[in-house]
Structures are given as structure tokens and as C-alpha cells.
Amino acid sequence: MRIRKAKISDLGNIMIMYKSCVKGMIANDIDQWDDTYPDIETINQDLEKQSYYVVEEKGEIIGGINIDQNQDKTYLDIDWEDKSDSFLVVHRLGVKEEFWNKKIGKDLMLFTEKLVTEKGLKSIRLDTYSGNPKAMEFYRRLGYRELGSINLKPNKNEYYCFEKIII
Numbered sequence: 039m040r041i042r043k044a045k046i047s048d049l050g051n052i053m054i055m056y057k058s059c060v061k062g063m064i065a066n067d068i069d070q071w072d073d074t075y076p077d078i079e080t081i082n083q084d085l086e087k088q089s090y091y092v093v094e095e096k097g098e099i100i101g102g103i104n105i106d107q108n109q110d111k112t113y114l115d116i117d118w119e120d121k122s123d124s125f126l127v128v129h130r131l132g133v134k135e136e137f138w139n140k141k142i143g144k145d146l147m148l149f150t151e152k153l154v155t156e157k158g159l160k161s162i163r164l165d166t167y168s169g170n171p172k173a174m175e176f177y178r179r180l181g182y183r184e185l186g187s188i189n190l191k192p193n194k195n196e197y198y199c200f201e202k203i204i205i
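Following our numbering, the numbering of the sequence shown begins with 39 at its first residue and continues without gaps.
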């Protein structure tokens, strides 16, 4: 298994990975994502910005994550511990359903922490859907602190914001 920066040519396989992830979420009564999101346009933008990373095993993309400094404007409503602009934001962490519970998500988050350190930044921010208790517990186990909630479009659902200070 290796984590690498994704290429435009990975787009189709990334979408296959998300389709599997969404199928598993729906089977577990988690309505965070569906067949309209994550969408091909959003992932293509991530790839063009070169901010998307994939987990590859035996040539198969089994997980992915977008890591950048872009945060939704609603993040301004959160009282972050790290008040600087020295952070990375995690978006769209996904793992193929058949690879759930095999520490792929954890490896992606540890990779993100390594990026923060390498870039001389201080923290990681993210949000996760309030209807996904497994994701919330996952981030808590990794040492992330819940700092508040926001409502995101298009469905205006509640998302909890988490932060981890790295340096």
C-alpha cells in the first residue's frame, strides 16, 4: 500500500472508490453522501489543484482524500484553537467499502499530519456530518477535538468541526 498524489488519469478509479464508499454508507444508514456527491466535477477540480491524494494497493485505488487550505466560509464561525492561517483542511476522505476497518482512513490522516509537519504548519481542520457517528468517533480516537458545528449547503445539514494541533 502506498499514498501518492493523484493524477488526472485517476479520476475514473477515484469515482469507483467513492461509489463503493457511498454504497457502504447507505447500507449503514448514513446519508452523508449519495450518487450526486462527491461528484466528478469536484474531484476533477481537486485533481487540477493537485491537492488530492490516493491510497493505492496492487494498482487499485482503495482510498482518497483532498488536503488543502480551503475552508468553507462557515468555518469563520468556529473558535479554532489555532488562530493562525497555518493549517490544512481535510475534505472528502473516502475508502472503498471492502477496505473499511483496515486502517486506510487512519493512514490517510497520519499522512495529513506528516504533510502539516513537512510544510511547517500547525494544525488540521475538518468537518464531518452529524449523522455519521462512526466518523466522529474515528476523529476523536485520532486526537481531534470537536469545536462546534456548522450547516453546509446544499442540504443545510449539521456538520461538526474538528481540529488537531500538530506542532
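Every residue gets a Cβ at the ideal spot worked out from N, C-alpha and C, and that includes glycine.
- Item | Cβ-based neighbour list, K160, same chain, cut-off 8 Å, excluding 5 preceding and 5 following | In the sequence shown, counting from the first residue as 1, residue 160 sits at position 122. Correct list, in chain order: D120, S122, S124, F125, V154, I203, I204, I205.
- Query: At which residue ranges does the segment 102 to 171 contain complete beta strand (DSSP E) runs of 3 or more residues, listed in the order of the chain?
  - Reply: 125 to 133, 161 to 167
- Query: Where does the unbroken alpha helix (DSSP H) through S58 begin, and where does it stop?
  - Reply: Residue 58 sits at position 20 when you count from the first residue of the sequence shown. Segment 49 to 65, the alpha helix (DSSP H) holding S58.
- Bridge partners of G186, per DSSP? Along the sequence shown, read from residue 1 onward, the residue named residue 186 stands at position 148. Answer is C199, bridged to G186.
- Which two residues bound the contiguous beta strand (DSSP E) that contains I41? Here residue 41 refers to the residue found at position 3 of the sequence shown. That run of the beta strand (DSSP E) goes 40 to 43.
- Give the straight-line distance between the Cα atoms of N51 and S58, rounded to the nearest whole angstrom. For the purposes of this step, residue 51 is taken as residue 13 along the sequence shown, with counting starting at 1. For the purposes of this step, residue 58 is taken as residue 20 along the sequence shown, with counting starting at 1. When rounded, the distance between both Cα atoms is 11 Å.
- How long is the line joining the alpha carbons of E156 and Y91, rounded to whole angstroms? By one-based count along the sequence shown, residue 156 stands at place 118. By one-based count along the sequence shown, residue 91 stands at place 53. Rounded to whole angstroms, E156 to Y91 spans 16 Å at the Cα level.
- Query: How big is the Cα-Cα spacing for K134 and I116?
  - Reply: In the sequence shown, the residue the question calls residue 134 occupies position 96. In the sequence shown, the residue the question calls residue 116 occupies position 78. C-alpha separation (whole angstroms): 31 Å.
- Item | In DSSP terms, what I99 is bridged to | By one-based count along the sequence shown, residue 99 stands at place 61. Looking at the DSSP assignment, I99 forms a beta bridge with E94.
- Task: Using DSSP bridges, identify the partner residues of Y75.
- Result: Here residue 75 refers to the residue found at position 37 of the sequence shown. Bridge partners of Y75: D72.
- Task: Quick one: grab the DSSP three-state call for Q88.
- Result: Counting from 1 along the sequence shown, the entry for residue 88 is found at position 50. Here Q88 sits in coil by DSSP.
- Message: Taking the beta carbon of I46 as the centre, do at least 16 other beta carbons fall within 10 Å, making it buried, or is it exposed?
- Response: To locate residue 46, count along the sequence shown from 1; it is residue 8. The residue in question, I46, is exposed, as its Cβ has fewer than 16 Cβ neighbours within 10 Å.
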